[in-house]
Amino acid sequence: MRNGKRMGLAIVVVLVAQILIVGGAMAGESSESALVEARAAQEPAEAPEIRRLGKHHSSTDKSVAGGGVILGGLVTAIFAAVFCYIRVTGAREAGLISSSNNRLSPQLEKKLIRWNPPDVNWLKMNVDGSCWLHTSEIGCGGVLRDSNGRWISGFSKNMGYGSSVLAEAWAVKIGLELAKNSSVQNLSLEADSLIVINMIKNGVEIDHPLFPIIAGIRELAAKNWNVTFSHTLREGNRVANLLANLAHKSSGLQVWSNPPSVCINAVQDDVKGTWLPRGFAG
């Protein structure tokens, strides 16, 4: 019904614009006839007809052209206003614009994200990879927590050199191994690399460069325990991101029984359920 009203409004405006154009053309013709008659009365009888017509056209052409420019601008403005109205109305009906002040609604203006704890009797492993683009040095990190956000263990590992996808894949594998060695029975593993999560869920071809790592992850997940893999955004993966960055400052594997100082604020925010805006870099 609302779409029909918008279409009807658009049709009405088009008709109005056409009427304006036709009216403008008729007004131009009337002005031209009046000027011809006025000049004919003022010109000497012996003046050639061609001379009168020549003088007449030089002035009326400017008048008609000016009227056409004005009408053209008016029509353009009408069309712009109509389609602006249609788009704003549609956005308001979709809930993207507030009807009171025409401002973007909160869900479009700012997306809020937080770390979500696992279910009771489950543990969550958040992992992340880090790659320094200027040197191609890579590292990874992860943290294992319970449904109350309590820190169980964490890790950081310097992986040498490679790509960001390689770092993300290694983060999942090492995090999974750490959880399995800790006798975890129900594990929810989260990473902020959708590419790697999809590789794990769907598998990769045997000639894929990451096949050995992905196959190892899938094989370990299929053992006698419950494992789920899911994607999260970076803002919901802050602690793992900090641990992955910390890996560049160490050599080999570092296991953290307590959160390092660089992670304490982020850990506390996760326990409190703090919401963060998309793009938060802290």
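Here the sequence shown stands for residues -27 to -1, 1 to 255, where the numbers follow mature numbering (1 follows the signal peptide of the UniProt record, and there is no 0). Note that the Cβ used here is the ideal one computed from N, Cα and C, for glycine as well.
**Study point:** Span separating the alpha-carbon of GLY135 from that of ASN89
**Key:** Residue numbering aside, residue 135 sits at position 162 when the sequence shown is read from its first letter. Residue numbering aside, residue 89 sits at position 116 when the sequence shown is read from its first letter. When rounded, the distance between both Cα atoms is 30 Å.
Practice item. Inspect the beta-carbon positions of LYS245 and SER161 and report whether they are closer than 8 Å. Key: Stepping through the sequence shown from its first residue, residue 245 is reached at position 272. Stepping through the sequence shown from its first residue, residue 161 is reached at position 188. Result no, Cβ atoms of LYS245 and SER161 do not sit closer than 8 Å.
**Study point:** 6 Å CB neighbourhood of TRP95 in its chain, flanking five on each side removed
**Key:** Within the sequence shown, the letter at position 122 stands for residue 95. Taken in chain order, the residues that qualify are ASN159 and SER161.
Check your understanding: What are the start and end residues of each continuous alpha helix (DSSP H) run of 4 or more residues lying completely inside the region 161 to 229, in chain order?
Key -> 167 to 175, 184 to 194 and 211 to 219
Check your understanding: Buried or exposed: ILE179, going by 16 or more other Cβ atoms within 10 Å of its Cβ?
Key -> As a first step, residue 179 must be located in the sequence shown, where it is residue number 206. Under this definition ILE179 is an exposed residue.
Check your understanding: Grouping DSSP H, G and I as helix and E and B as strand, with all else coil, what is LYS245?
Key -> As a position in the sequence shown, residue 245 is number 272, starting the count at 1. It is helical.
Review point. By DSSP, does ASN121 sit in helix, in strand, or in coil?
Key: Taking the sequence shown and counting its residues from 1, one reaches residue 121 at position 148. Looking at ASN121 - three-state DSSP - the assignment turns out to be coil, as it is neither helix nor strand.
Check your understanding: Within the chosen definition, does the region 114 to 123 reach the region 215 to 230 through at least 3 CB pairs nearer than 8 Å?
Key -> Because the criterion of three Cβ pairs below 8 Å is met, the region 114 to 123 and the region 215 to 230 touch.
Check your understanding: Buried or exposed: where does PRO185 fall if 16 or more other Cβ atoms within 10 Å of its Cβ makes it buried?
Key -> The sequence position of residue 185 within the sequence shown is 212, counting from 1. So PRO185 counts as exposed.
Check your understanding: Just the Cα atoms here: how many angstroms apart are PRO79 and LEU249?
Key -> On the sequence shown, residue 79 is found 106 positions in, with the first residue counted as 1. On the sequence shown, residue 249 is found 276 positions in, with the first residue counted as 1. Its pLDDT being 49, under 50, PRO79 is placed unreliably by the model, and nothing is read from it.
Review point. DSSP three-state call for VAL100: helix, strand or coil?
Key: In the sequence shown, residue 100 corresponds to position 127, counting from 1. Strand, per DSSP.
Review point. From VAL157 to SER203, what distance separates their C-alpha atoms?
Key: As a working mapping, residue 157 is identified with position 184 in the sequence shown. As a working mapping, residue 203 is identified with position 230 in the sequence shown. Those two C-alpha atoms are separated by around 17 Å.
Practice item. Within its chain, find whatever has a CB closer than 6 Å to the CB of SER166; leave out the 5 residues flanking it on each side and keep chain order. Key: For this step, residue 166 is matched to residue 193 along the sequence shown. The residues are GLU141.
Review point. Do you know offhand how far CYS236's Cα is from LEU139's?
Key: In the sequence shown, the residue the question calls residue 236 occupies position 263. In the sequence shown, the residue the question calls residue 139 occupies position 166. In this structure, the straight-line span from the alpha carbon of CYS236 to that of LEU139 is close to 24 Å.
Check your understanding: Can you tell me the Cα-Cα spacing of GLY176 and ALA188, whole angstroms?
Key -> By one-based count along the sequence shown, residue 176 stands at place 203. By one-based count along the sequence shown, residue 188 stands at place 215. About 7 Å.
Check your understanding: Nearest CA to the CA of PRO182: which residue from TRP143, ALA220, PHE128 and ASN210?
Key -> Here residue 182 refers to the residue found at position 209 of the sequence shown. Closest by alpha carbon: TRP143.
Check your understanding: If we count the other Cβ atoms within 10 Å of its Cβ and call it buried at 16 or more, is ASN210 buried or exposed?
Key -> Mapped onto the sequence shown, residue 210 falls at position 237. ASN210 is buried by the Cβ-count criterion.
Review point. Which residue comes first and which comes last in the alpha helix (DSSP H) that contains ASN154?
Key: Residue 154 sits at position 181 when you count from the first residue of the sequence shown. Counting along the chain, the alpha helix (DSSP H) containing ASN154 begins and ends at 137 to 154.
Exercise for review: Have a look at VAL145, MET132 and SER155 and flag the residue whose alpha-carbon is nearest the alpha-carbon of SER126.
Suggested key: Taking the first residue of the sequence shown as 1, we reach residue 126 at position 153. Comparing Cα-Cα distances from SER126 to each of VAL145, MET132 and SER155, the minimum goes to SER155.
Exercise for review: Select from VAL212, HIS221 and ARG251 the residue whose C-alpha is nearest the C-alpha of PRO232.
Suggested key: Residue numbering aside, residue 232 sits at position 259 when the sequence shown is read from its first letter. In this structure, VAL212 is the residue among VAL212, HIS221 and ARG251 with its C-alpha nearest to the C-alpha of PRO232.
**Study point:** Buried versus exposed call for SER224 [16 or more other C-beta atoms within 10 Å across all chains shown]
**Key:** In the sequence shown, residue 224 corresponds to position 251, counting from 1. Under the 10 Å beta carbon count, SER224 is surrounded by fewer than 16 other beta carbons and is classified as exposed.
Exercise for review: Have a look at ASN131, ALA195, ARG123 and GLY252 and flag the residue whose alpha-carbon is nearest the alpha-carbon of ASP101.
Suggested key: Position 128 of the sequence shown holds residue 101. Here the closest residue by C-alpha is ASN131.
Review point. How should PRO91 be labelled, buried or exposed, when 16 other C-beta atoms within 10 angstroms of its C-beta is the threshold for buried?
Key: Here residue 91 is taken as the residue at index 118 of the sequence shown, counted from 1. Under this definition PRO91 is a buried residue.
**Study point:** Whole-Å CB distance - GLU150 paired with LEU193, under 8 Å assumed
**Key:** Counted from its first residue, the sequence shown places residue 150 at position 177. Counted from its first residue, the sequence shown places residue 193 at position 220. Yes, they are in contact, since the Cβ atoms of GLU150 and LEU193 sit about 7 Å apart, within 8 Å.
Review point. When the distance is taken between beta carbons, is ASP243 closer than 8 Å to GLY148?
Key: The residue labelled residue 148 in the question sits at position 175 within the sequence shown. The residue labelled residue 243 in the question sits at position 270 within the sequence shown. The answer is no: Cβ separation not under 8 Å.
Check your understanding: Near PHE253, what residues of its chain come up, given a Cβ to Cβ distance below 7 Å and the 5 sequence neighbours on each side ignored?
Key -> As a working mapping, residue 253 is identified with position 280 in the sequence shown. Correct list, in chain order: GLU208.
Practice item. Taking only the alpha-carbon atoms, compute the straight-line gap between ARG191 and THR205 and give it to the nearest angstrom. Key: Within the sequence shown, numbered from 1, the residue matching residue 191 stands at position 218. Within the sequence shown, numbered from 1, the residue matching residue 205 stands at position 232. The straight-line gap from Cα to Cα measures roughly 19 Å.
Check your understanding: By DSSP, does SER234 sit in helix, in strand, or in coil?
Key -> As a position in the sequence shown, residue 234 is number 261, starting the count at 1. Helix.
Check your understanding: According to the Cβ coordinates, are ILE129 and CYS104 closer than 8 Å?
Key -> Here residue 129 refers to the residue found at position 156 when the sequence shown is read from its first residue. Here residue 104 refers to the residue found at position 131 when the sequence shown is read from its first residue. The amino acid occupying residue 129 in the given sequence is Ser; Ile does not appear at that position. No, the pair does not count as a contact, with Cβ atoms beyond the cut-off.
Check your understanding: How would you call ASN199, buried or exposed, if buried means at least 16 neighbouring beta carbons within 10 angstroms?
Key -> In the sequence shown, residue 199 corresponds to position 226, counting from 1. By the 10 Å Cβ count, ASN199 comes out exposed.
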